[in-house]
Every structure is written in structure tokens, then in C-alpha cells.
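Position one of the sequence shown corresponds to residue 52 (our numbering), numbered consecutively onward.
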Amino acid sequence: MRDEVVRKALDAQLDRTQKVLGWAENALFEDPRSALAWVTSSSQWLAEIFTLSAGLNWTHRRVISRLEKATTKLHRDDIFQRYGELLGFPRTLERAGELQELQLGYREIWNYFRGKPNGPVCMVQQPDSEAWFKNRIVPLYDYDRRDLVNLVYSEFRFILAFIFSVAGYERTPDVVFRDTARFDGPPARWVNRYGKILHYFSTADIPDLLILAKDLLEEGRALALMNHGRRIDDPTKFRIRAV
């Protein structure tokens with residue numbers, strides 16, 4: 052039973068990662084920062100693929116710490132080093148203290164989702180961001196800043212998806228930042244804070260980061276097949292499907 056659950060999870064995350072990297076490819080030439088948003092988002096699912104392939108349980112907390120254990124178990128420290136490049140290590144680690152942008156952004160956006168049926172559960176149900184941030188985010192500062200960097204980049208894109216949903220979009224556009232100029236108030240400030248941390252990356256590096264993410268995806272496919280007997284679609288086909 053567990054093997055079947057793991058195989059289904061691997062299927063889902065391999066397909067999801069392939070999909071978002073296709074969106075990154077679509078966005079690359081029009082707006083490299085939009086491509087970067089998808090590439091950094093893919094890091095979350097790539098980590099899950101490697102962690103599950105190593106036979107470890109998955110958790111959305113302390114993603115990088117668990118990934119390090121997984122790649123050590125797989126005797127693939129090279130994967131862990133390349134994964135760090137995907138998140139801009141060591142440059143983003145050196146600026147991790149500046150990632151308080153997330154806390155400030157939470158304070159600004161939290162009440163925006165009140166009364167809206169398609170907002171993030173935590174923001175709809177809890178009165179303010181302070182307790183949630185203290186319990187869920189602050190411990191990462193003390194434990195491992197690599198986990199903090201991963202969470203911040205994932206969370207900014209995740210909340211932006213809800214902003215687009217409230218604005219009437221079926222999903223986040225491939226070119227993420229093309230339509231964000233129409234936002235005002237808290238959504239606009241969220242976008243501005245997100246853009247600020249994306250500028251920790253050099254625009255010139257983004258095409259290579261997309262190639263790296265694709266390479267890591269294929270490493271994940273191979274490990275999934277080796278360890279869990281997954282059926283693999285043609286890895287050269289980046290099919291783009293609406294969600």
C-alpha cells in the first residue's frame with residue numbers, strides 16, 4: 052500500500068514539475084523574471100521527488116534539510132549541490148536576513164483574503180499573521196537558513212496564485228508578471244516584495260537555471276524508476292496543460 056501511495060505521489064510531482072517548467076520556458080524570452088518564478092517554484096516539487104525516491108517521508112517543512120538526508124542516502128551529493136544552485140545558494144543564503152520581506156508581506160496581505168472564498172486557508176481562518184509566522188516560519192531561522200530560503204520563494208509564488216484567483220484568473224499566467232500592473236493595494240505590494248527577492252538572481256543566469264531544473268527533473272525520473280518502478284512518459288515532451 053505504501054509503495055502505491057509513493058508511486059502516485061511521484062507521478063503527481065513529476066507531472067507537475069514538467070508542467071511548470073514548460074510554463075517557465077514559455078515565459079523566458081518575454082519576461083525572464085516570470086520564468087524564474089516558475090523555476091524556483093519547481094524546487095519544492097523536485098525536492099519531494101528526490102526525498103520520496105530515497106524512501107523518506109515527505110513534509111513541507113524543512114524541505115532542504117530532508118533533501119540533504121535523501122541525497123546522502125542515495126549517495127548523490129552532486130544532486131544536492133546542483134539543487135542549491137537552483138535556489139541561488141550561496142548568494143541567497145547570504146541575504147537570508149533580508150527575507151523578512153515575507154513577514155512584512157504577510158502583514159499587508161493577510162486581511163485582503165477575508166471573506167473571499169478562494170483565499171489561503173490560514174489567511175481566511177486566522178485573525179492575523181503574527182502567531183502563524185511565529186510558529187511556522189521563525190523556527191526555520193534558528194534551524195537552517197537553507198530551509199528558510201526555500202520556503203520564502205515557494206510561499207511568495209503560492210500566495211500570488213490566490214491573488215490571481217481572486218482577480219478572476221483560472222490559473223497564474225505563464226508570464227507571471229505581465230498582468231500584475233493591474234493590481235493595487237495589498238496585492239500590488241505583495242508583487243513588489245516578490246519582485247525584490249527575485250532580483251537576488253542575475254537575469255543572465257535564468258536560462259541556465261531553467262536548464263538545470265530540467266536536468267534535475269530527469270534525474271528525478273531516473274531515480275523514481277530505479278527505486279519505485281514508475282512508468283515514465285517520454286521525458287523530451289514538455290506537454291503544457293491548463294490547470
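For every residue, glycine included, the Cβ atom is placed at its ideal position computed from N, Cα and C.
Contact check for V90 against L261 passes: the beta carbons are separated by less than 8 Å.
For the set I100, F228, L137 and E136, the Cα lying nearest the Cα of T68 is the one of I100. N169 and V217 do touch by the CB rule: their CB atoms are close to 6 Å apart, below 8 Å.
Taking 8 Å as the cut-off, the beta carbon of T143 is found no closer than this to the beta carbon of V226. Between the alpha carbons of L153 and S104 lies a gap of roughly 31 Å.
Counting C-beta atoms within 10 angstroms of its own C-beta, T110 has fewer than 16 neighbours from the protein chains shown and is therefore classed as exposed. In the three-state DSSP reduction, F215 falls in the helix class (H, G or I). In the pairwise beta carbon analysis, the segment 132-139 is classified as touching the segment 255-269: at least three pairs are separated by under 8 Å.
Secondary structure of L138 (DSSP, three-state): coil. By the Cβ criterion, the segment 232-239 is not in contact with the segment 58-65, since fewer than three pairs of Cβ atoms, one from each stretch, lie closer than 8 Å. In the three-state reduction of the DSSP assignment, N162 falls in the helix class. R112 is positioned such that its CB atom lies no closer than 8 Å to that of L249. Between L267 and I130, the gap from beta carbon to beta carbon is short of 8 Å. Nearest in C-alpha terms to K124, of all of A273, S180, G106 and A75, is G106. Counting the other CB atoms within 10 Å of its CB gives R196 a total of 16 or more, which places it among the buried residues. The beta-carbon separation of F213 and P171, rounded to 5 Å, stays under the 8 Å limit for a contact.
In the structure shown, the three-state DSSP call for W96 is helix. Cβ-Cβ distances below 8 Å link R146 to Y251 in the same chain, with the five nearest sequence neighbours on each side left out; the list follows chain order.
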